[in-house]
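These notes are about the structure you will find just below.
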Amino acid sequence: MEEQNKILAYKSPKEHYTADACIVWCFDDRFTGLLEEFVKSRGYKNYDLVKIAGGAKTLASPENEADRLFVLKQIRISINLHGTKHVILMCHEDCGAYGGKASFTSDSEELERINNDLKEADHILKNN
1 MEEQNKILAY KSPKEHYTAD ACIVWCFDDR FTGLLEEFVK SRGYKNYDLV KIAGGAKTLA
61 SPENEADRLF VLKQIRISIN LHGTKHVILM CHEDCGAYGG KASFTSDSEE LERINNDLKE
121 ADHILKNN
């Protein structure tokens, strides 16, 4: 059976929105429910989502500079197009982008790496 390409029709609101946040989140589906809870707990009505392997790791320690530049560009677009007020960075334990738990000798080593990457990603955002 041959698959066909289709364009989905959707009548979106004509007015633009202001984004409460741009959220850089890992695309690991285990955390989709957490994302929904997080957004609800913050009371965000509108947000722009940059969902990529590793989340904020891609800013702090990308496999190549083009990956970091792509994420920075998405955040800039969110700010410029939707007047984004906050940027939220996310990383998580047992992330495949880090090589999973097997890449670390202990839980504390893994958490230290994640915390360092979040600090570095924050520093990069503030300086770009």
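Residue numbers (full-length UniProt numbering): 1 to 128.
For glycine and all other residues, C-beta sits at the position ideal for the given N, C-alpha and C.
Apply the 10 Å Cβ neighbour rule to residue i and answer buried if 16 or more other Cβ atoms are within range, or exposed otherwise.
| i | result |
| --- | --- |
| residue 55 | buried |
| residue 29 | exposed |
| residue 7 | exposed |
| residue 78 | buried |
| residue 89 | buried |
| residue 117 | buried |
| residue 57 | buried |
On the premise that residue j lies in contact with residue i, defined as a C-beta separation below 8 Å, what is that separation, rounded to the nearest angstrom?
| i | j | result |
| --- | --- | --- |
| residue 49 | residue 121 | With a Cβ gap of about 16 Å, residue 49 and residue 121 do not count as contacting. |
| residue 9 | residue 27 | Residue 9 to residue 27, Cβ: 26 Å. No contact. |
| residue 101 | residue 110 | 7 Å |
| residue 127 | residue 72 | Their Cβ separation, rounded to whole angstroms, is 10 Å, which puts residue 127 and residue 72 out of contact at 8 Å. |
| residue 91 | residue 114 | 5 Å |
Sort out for me which residues DSSP pairs residue i with in a bridge.
| i | result |
| --- | --- |
| residue 21 | 47, 86 |
Any alpha helix (DSSP H) of 4 or more consecutive residues that is wholly inside the stretch 38–121: 57–60, 65–82
Would you call the stretch 84–100 in contact with the stretch 13–20, where contact means no fewer than 3 C-beta pairs closer than 8 Å? yes
At a cut of 8 Å, does the stretch 94–105 reach the stretch 34–42 through at least three beta carbon pairs? no
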